[in-house]
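Right, one structure below, let's go through it.
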Amino acid sequence: MNVSIQEKSDSDKVKTLIVEGEVDAFTAPQLREKLMPLCKDSREVYLDVSKVDYMDSTGLGVLIGAYKSLRANQGRLILVGVSPRLSRLLKITGLAEIIDIEDGA
Amino acid sequence: MKEKLRQEYAELLTSYLREKREDQLYAAQQMSKWMLEQKIPPEEMVSYHVAAMKEELENVPQAVLDSFDFLIEMMIGYGIAYREHENLLHRQKELEYEIEVAVGMQQTLLPDEPPTHSGIDVGVISVPAHRMSGDYYNFEDHGGRTIGVALSDIIGKGIPAALCMSMIKYAMDQLEYPSDPSEILRRLNTVVERNVDPSMFITMVYGVYDIEHHRFRYAAAGHEPGLFYQEKEGRFEDLITRGLVLGVSRDICYEEYSVDLEPGDAIILFSDGVTECRIDGQFLGRERFKEIVQKHLHLPAQEAAEKIYQEIYEKANYELKDDQTIIILRRPTDA
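Protein sequence lines correspond, in order, to chains A and B. All letters in the first sequence, in the order written, are residues 1 to 105 by the UniProt record's numbering. All letters in the second sequence, in the order written, are residues 1 to 335 by the UniProt record's numbering.
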């Protein structure tokens, strides 16, 4: 069970993280470490989760942390390539209504 | 004490060098265990050996004796590792004890038994994946007219989840009952939002069962939808709700829903650890969960909850990855 995270800077204020693998209690801290610094001074953070096989509630916790941090500076968190399973999880938790979701490219 | 040990070692060694018997080697094994208990470090052990050789044997070549000085130096590192290990064991025991106390405290946060009432049959089972649970549940009896039921899943497991659980418990104790489910969630959301780490969140379903009218009113904050079992049709309906998990945004309003129960109908609330239980590498899922529930629902609610859990636990090969809680509220066929 592993996760790999790649960063792509679209511009100073727009950042993209591409996440691959499983995001659970063991790997969520790695995602948090990469994601949180981007949220501090970006306007938009795209999180490409199209290659995420599994995300549990700890992973959702990281998304919520990122969402809150961006919201504090009028920024946006955008999820890209959400799987049906993750989509269901986001709907149940009500997060689908506050976090922007875009179809995968 | 040490002098005595040193002498015993010397005697055992010389008798072995003389007779080379198997039982003397066995005695040495026993002695090493005792030396460990007496916390004799390895370098000291070597020095006992050198002293014994010098005393008991003649003509030990000087090079051999010198080599022991070398060996003693080599053993010092092992001695340090050994003492560190001892310290860690001691600390682990202390932590174990603290966790044991915390587990006991957590148990006091959960009700011992579900409420008993002739107008409704209630059953509950809650099993932590590890020693401390992130699932919280509670019942309140509002003077025998209505029963409040709460089921909450706190993100994560173990000690952080347990600490958060005590906050939920005390926040709920401060609320006034009976109250609307949506209002309860709105107030809890405010408490959680103010008091938790940004990446922490809690899901909750709160419902009020009206024993006289057999109406279940409920609202949910991002919780796995419960099930409504209608006995006449023998089918389940998902208790779909809208509502954001607790602790993310301030000023959230929760929608209230309700269902009316006919005799034999039941409400089943559960944590997502139940449906996300892995069976042969696949999630149990809601459909298979419904099949298991239906099989046992004819039993009294408490027994049904236990049987359902037991069957899932067996199917999951006795391995729980997440805490599991199942609550059943059933309108008796004669009420």
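The beta-carbon is built from N, C-alpha and C at its ideal position, and this holds for glycine as well. Because the structure is a prediction, the values reported are computed rather than measured.
| Asked | Found |
| --- | --- |
| Give a yes or no on whether 9 Å exceeds the smallest Cβ distance from P181 of chain B to chain A. | no |
| Please confirm if T203 of chain B has its CB atom under 9 Å from at least one CB of chain A. | yes |
| With a CB to CB cut of under 6 Å and the five nearest residues on each side skipped, what residues in its chain are close to V127 of chain B? | Q324 |
| Kindly indicate if chain B contains any beta-carbon less than 9 Å away from that of Y46 of chain A. | no |
| Assign R215 of chain B to one of three DSSP states: helix, strand, or coil. | strand |
| Give the straight-line distance between the Cα atoms of L299 of chain B and G234 of chain B, rounded to the nearest whole angstrom. | 15 Å |
| Do you know offhand how far H214 of chain B's Cα is from D121 of chain B's? | 12 Å |
| Say whether chain A places a C-beta atom closer than 9 Å to the C-beta of H223 of chain B. | yes |
| Along the chain, where does the beta strand (DSSP E) containing F270 of chain B start, and where does it finish? | 266-270 |
| Using the beta-carbon of each residue, which ones in chain B are nearer than 8 Å to V62 of chain A? | S199 |
| Would you mind sorting R194 of chain B into buried or exposed? The rule is 16 or more other CB atoms within 10 Å of its CB. | exposed |
| Which of the residues in the segment 77-96 of chain A, read from start to end, lie with their CB under 8 Å from any CB of chain B? | I92, T93, G94, L95 |
| So, is Y26 of chain B buried or exposed, given that buried needs 16 or more other C-beta atoms within 10 angstroms? | exposed |
| Tell me the rounded alpha-carbon separation between P114 of chain B and I328 of chain B. | 10 Å |
| Taking a contact to mean a Cβ-Cβ separation below 9 Å, would you say L239 of chain B touches Y257 of chain B in this structure? | yes |
| Going by DSSP in three states, M132 of chain B sits in which element: helix, strand or coil? | coil |
| Give every residue of the same chain whose Cβ lies closer than 8 Å to the Cβ of F283 of chain B, excluding the five residues on either side of it in the sequence, and list them in chain order. | T275, E276, C277 |
| Excluding the 5 residues preceding and the 5 following V50 of chain B in the sequence, name in chain order all residues of the same chain whose CB lies nearer than 7 Å to its CB. | L65, F68 |
| Please report the straight-line C-alpha distance between D322 of chain B and R187 of chain B, rounded to a whole angstrom. | 27 Å |
| Taking the straight line between their C-alpha atoms, what separation do you get for T190 of chain B and R217 of chain B? | 21 Å |
| Mind pulling the chain A residues with CB within less than 9 Å of L244 of chain B? | T93, G94, L95, E97, I98 |
| For a contact meaning CB atoms closer than 8 Å, what does S249 of chain B contact in chain A? | I98 |
| Please state whether the Cβ-Cβ distance between S166 of chain B and L109 of chain B is less than 9 Å. | yes |
| Would you mind telling me which residues of chain B sit closer than 7 Å to T58 of chain A, beta carbon to beta carbon, in chain order? | I155, G156 |
| Identify which residue in B:Y318, B:E314, B:G281, B:P332 has its Cα closest to the Cα of P263 of chain B. | B:P332 |
| Between which two residues does the beta strand (DSSP E) harbouring M75 of chain B extend? | Run containing M75 of chain B: none in the beta strand (DSSP E); it sits in the alpha helix (DSSP H), 62-109. |
| Let me know the beta strand (DSSP E) ranges lying completely inside the segment 217-288 of chain B, each 3 residues or longer, listed in chain order. | 226-230, 235-239, 257-260, 266-270 |
| If you run the structure through DSSP and keep just helix, strand and coil, what is A25 of chain A? | coil |
| I'd like the list of long-range same chain contacts for A150 of chain B, defined as Cβ closer than 7 Å, with 5 residues on each side in sequence excluded. | Y137, N138, M172, M204, Y206 |
| Report the option in B:A266, B:R250, B:Y9 whose CA atom is closest to the CA atom of E55 of chain B. | B:Y9 |
| Over what stretch of residues does the beta strand (DSSP E) that includes R6 of chain B continue unbroken? | Where R6 of chain B is concerned, there is no enclosing beta strand (DSSP E), although the alpha helix (DSSP H) it sits in stretches over 2-19. |
| Of all the CB atoms in chain B, is at least one closer than 9 Å to the CB of S42 of chain A? | no |
| Beta-carbon separation of S182 of chain B and A219 of chain B under 9 Å? | yes |
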